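Participant:
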Amino acid sequence: MQYIMKGGNPLVGEVIIAGAKNAALGILAAAIMTDETVVIDNLPDVRDINVMLEALADIGVIVERPDRHTVRLNGSNIHSVHVENDFIRKIRAGYYLIGALLGKYSHAEVALPGGCDIGSRPIDLHLKGFRALSAKAKVEHGLVIADSTRLRGGHVYMDMVSVGATINVMLTAVLADGNTIIENAAKEPHVVDVANMLNSMGANIKGAGTDVIRIRGVDHLHGTEYSIIPDQIEAGTFMFAAAVTRGDVTVKNIIPKHMEAISSKLLELGCEVLEFDDSIRVVGKPKTMSCNVKTLPYPGFPTDMQPQMGVALCLADGTGIITESIFENRFKYADELAKMGADIKVEGNVAVFRGVDRLTGADLEAPDLRAGAALVMAGLAAEGYTTVDNIRYIQRGYEDFDEKLRSLGAVIETVNDAKDARKFRMRVG
Ligand code: EPZ
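Those letters in the sequence shown? Residues 152 to 580, by my numbering.
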């Protein structure tokens with residue numbers, strides 16, 4: 152499947168942002184740590200979430216979907232702590248099942264995580280964290296195996312700021328005996344959301360959102376009803392789409408505070424950014440200025456917005472530099488943009504963008520989730536037709552991406568083959 156689009160239309164209108172995928176993945180794992188029923192709202196209907204739900208069902212979790220954005224989970228009948236199936240290998244967040252199952256059953260065996268190919272993605276910090284909680288943790292035969300006779304709270308210093316390791320250690324520590332301190336913890340909004348959700352289940356977590364998280368272990372967790380925060384990256388993607396198509400888009404149902412790094416870069420580019428209680432309006436300008444950006448853990452500029460920023464710099468006046476400090480392999484989209492006439496020079500973790508007057512449509516392949524979304528933005532800003540192949544990556548994290556873009560005036564469609572693409576071109580003219 153691919154997207155085909157005809158660029159040139161400024162995106163105009165309002166778009167409702169879905170729940171945060173990366174918060175939801177941690178929250179789904181947390182939900183199985185009680186034998187009582189947990190109801191989760193504002194669940195994004197995206198592939199990574201559905202893969203996670205299938206993996207949960209596979210180990211005996213009762214998964215009911217009263218509606219598209221709500222799931223009811225009951226983990227009282229889990230029959231296996233061995234998670235090794237086709238589902239789990241596809242996603243990164245399968246690693247949260249190690250933390251959750253270890254915390255609840257003192258044992259977990261989970262296939263090594265997959266996920267987007269954006270560079271080496273070690274799990275040493277996760278293992279270090281489990282060990283600090285008195286568990287044995289090792290990787291054998293492609294499985295992460297964690298085991299403990301008695302989990303005890305401990306002191307974990309994260310050598311690098313890691314979203315995954317922070318959430319995973321938090322999951323285990325909530326049911327360990329005694330106190331845990333996580334230092335140099337990730338501060339991303341989704342870390343806070345998972346902590347809030349665990350607290351609503353009876354956990355005792357303090358300090359989430361700062362770099363020291365303190366957890367007092369409790370005997371058991373109970374059921375809850377919880378609504379997931381809006382997706383900061385989906386919102387940011389539409390905000391940048393407004394900028395590059397010189398449009399006027401209001402992203403609704405968001406938390407503007409989470410968007411600060413993104414909003415401030417849009418202002419530097421020369422866009423107008425208007426903030427309201429739970430929405431932000433971005434008005435793109437015919438000419439934008441270049442700027443430099445370095446990706447950093449929250450509250451810095453997110454690595455998950457780096458490719459979208461790259462597209463904006465392709466079309467800005469002057470030269471802009473992006474330094475990617477989180478993942479080493481996140482510039483694969485540069486070769487694709489080059490097919491559209493972009494001028495980008497990548498050296499290691501630095502890319503230099505010389506702004507060009509226009510991009511021209513081309514046949515592209517999505518290298519990963521965020522880069523894929525950025526290529527679609529480029530296609531919508533470019534002259535003529537663009538196709539973006541491998542859209543399964545994009546579908547991992549964006550709900551109804553093409554539909555939402557169409558509602559803003561984009562001329563875009565999902566097609567199965569070259570014949571459908573030809574029909575689109577004939578119709579659109
Ligand atoms: C999460 O990945 C997100 N994924 C990623 O989103 C996001 O890009 C990333 O955080 C950074 O914000 C999910 O939440 C499922 P990390 P994660 O551990 O947790 C190093 C998207 O597009 N590190 O915060 O895997 C690591 O190599 C995806 O939605 C270790 O060295 O990222 C990296 O340099 C892509 N050892 C840095 O830490 C470890 O044990 C941050 O990674 C763990 C990480």
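Glycine included, each C-beta is placed from N, C-alpha and C at the ideal position. Note that the coordinates shown come from a computational prediction; the quantities given were computed from them, not determined experimentally.
Enumerate in chain order the residues of its own chain whose CB-to-CB distance from ALA297 is below 6 Å, with the five nearest sequence positions on each side excluded.
Facilitator: The answer, listed in chain order, is ILE249, LEU253, ALA259, PHE281, ALA286, ALA288.
Participant: Quick test of the definition: if touching needs 3 or more C-beta pairs under 8 Å, does the region 412 to 432 touch the region 222 to 230?
Facilitator: Contact fails: fewer than three Cβ-Cβ distances are below 8 Å.
Participant: Three-state secondary structure (DSSP) at PHE427?
Facilitator: Here PHE427 sits in coil by DSSP.
Participant: Alpha carbons only, please: which of MET348, GLY530, ILE405 is nearest the one belonging to LYS490?
Facilitator: Nearest C-alpha to LYS490: GLY530.
Participant: Counting beta carbon pairs with one atom in the region 386 to 404 and one in the region 453 to 467, are three or more of them shorter than 8 Å?
Facilitator: Yes: the two stretches touch, three or more of their Cβ pairs being nearer than 8 Å.
Participant: Quick one: Cα of VAL290 to Cα of VAL234, how far?
Facilitator: Cα to Cα, VAL290 sits roughly 14 Å from VAL234.
Participant: Out of HIS306, PRO273, LEU418, which has the shortest C-alpha to C-alpha gap to ASN443?
Facilitator: Residue LEU418 is the option with its Cα nearest to ASN443.
Participant: Which residues in the same chain have their Cβ closer than 6 Å to the Cβ of LEU204, if we skip the five residues on either side of it in sequence?
Facilitator: For LEU204, where only same-chain residues beyond five positions count, the Cβ hits under 6 Å are VAL214.
Participant: Taking the beta strand (DSSP E) that SER378 belongs to, which residues open and close that run?
Facilitator: Looking at the DSSP string, the run of the beta strand (DSSP E) that includes SER378 is 375 to 378.
Participant: Are the region 370 to 382 and the region 497 to 516 touching, with three or more C-beta to C-beta distances below 8 Å?
Facilitator: No: fewer than three Cβ pairs fall under 8 Å.
Participant: Determine the closest residue to THR323 out of SER313, GLU334, ALA354, with distance taken between C-alpha atoms.
Facilitator: Of SER313, GLU334, ALA354, the residue nearest in Cα terms is ALA354.
Participant: Can LEU510 and ALA533 be called in contact, C-beta distance under 8 Å?
Facilitator: Yes, Cβ-Cβ distance for LEU510 and ALA533 is below 8 Å.
Participant: Under the assumption that PRO458 contacts ALA525 (Cβ atoms under 8 Å), give the Cβ distance between them as a whole number of angstroms.
Facilitator: Sure, about 4 Å apart at Cβ, within 8 Å.
Participant: Nearest by alpha-carbon distance to ASP310: which of MET321, ILE545, ASP275 is it?
Facilitator: For ASP310, the nearest C-alpha among the options comes from ASP275.
Participant: Determine the extent of the beta strand (DSSP E) in which ALA283 is found, giving its start and end residues.
Facilitator: That residue, ALA283, is in no beta strand (DSSP E); its alpha helix (DSSP H) goes 275 to 283.
Participant: Considering VAL214, what are the terminal residues of the beta strand (DSSP E) in which it resides?
Facilitator: 213 to 218 is the span of the beta strand (DSSP E), which, as asked, contains VAL214.
Participant: If you measure between the beta carbons of VAL539 and TYR154, is that distance less than 8 Å?
Facilitator: Their beta carbons are under 8 Å apart, which means VAL539 touches TYR154 by this criterion.
Participant: Between the beta-carbon of ARG386 and the beta-carbon of ILE168, is there less than 8 Å?
Facilitator: Before going further, note that residue 386 is Ala rather than Arg in the sequence given. Cβ distance < 8 Å, so ALA386 and ILE168 count as in contact.
Participant: Excluding the 5 residues flanking PHE575 on each side, which residues of the same chain have their C-beta closer than 7 Å to its C-beta?
Facilitator: Counting only Cβ-Cβ distances below 7 Å, and skipping sequence neighbours, we find ILE155, GLU564, VAL566.
Participant: I need the DSSP call for MET156, collapsed to helix, strand or coil.
Facilitator: Strand at MET156.
Participant: Look up MET390 in the DSSP assignment and say whether it is helix, strand or coil.
Facilitator: Helix at MET390.
Participant: With H, G and I counted as helix, E and B as strand and the rest as coil, what does DSSP make of LEU294?
Facilitator: Looking at LEU294 - three-state DSSP - the assignment turns out to be strand.
Participant: Let me check you understand the geometry: is the CB of PRO94 closer than 7 Å to at least one non-hydrogen atom of ligand 1?
Facilitator: The question about residue 94 has no answer, for the chain in this structure spans 152 to 580.
Participant: How would you label TYR308, buried or exposed, when you count the other beta carbons within 10 angstroms and need 16 or more for buried?
Facilitator: So TYR308 ends up on the exposed side.
Participant: Using the beta-carbon count (16 or more within 10 Å), is THR300 buried or exposed?
Facilitator: Counting Cβ neighbours within 10 Å, THR300 comes out exposed, since fewer than 16 surround it.
Participant: Confirm, please, whether the CB-CB distance from ASP455 to THR384 is below 8 Å.
Facilitator: Sequence check: residue 384 is Ile here, not Thr. Cβ atoms of ILE384 and ASP455: closer than 8 Å.
Participant: Note down the Cα distance separating GLY158 from ALA206, rounded to an integer number of angstroms.
Facilitator: Distance between the alpha carbons of GLY158 and ALA206 is about 39 Å.
Participant: List the endpoints of the continuous beta strand (DSSP E) containing ASN225.
Facilitator: Looking at the DSSP string, the run of the beta strand (DSSP E) that includes ASN225 is 221 to 225.
Participant: Could you spell out where the beta strand (DSSP E) holding LEU510 opens and where it closes?
Facilitator: First-last for LEU510: undefined, no H or E at that position.
Participant: By Cβ distance below 7 Å, which residues in the same chain neighbour GLY548 in space, the five residues on each side in sequence not counted?
Facilitator: LYS172, VAL197, ASP199, LEU520, listed in sequence order.
Participant: In the DSSP output, which residue or residues are listed as bridge partners for THR361?
Facilitator: DSSP, once it has assigned bridges, lists ALA359 as partnering THR361.
Participant: Tell me whether VAL579 is buried or exposed, calling it buried when 16 or more other Cβ atoms sit within 10 Å of its Cβ.
Facilitator: It is exposed - the Cβ of VAL579 has fewer than 16 other Cβ atoms within 10 Å.
Participant: State the Cα-Cα distance for the pair ASP571 and THR439, rounded to the nearest angstrom.
Facilitator: Roughly 35 Å separates the two Cα atoms.
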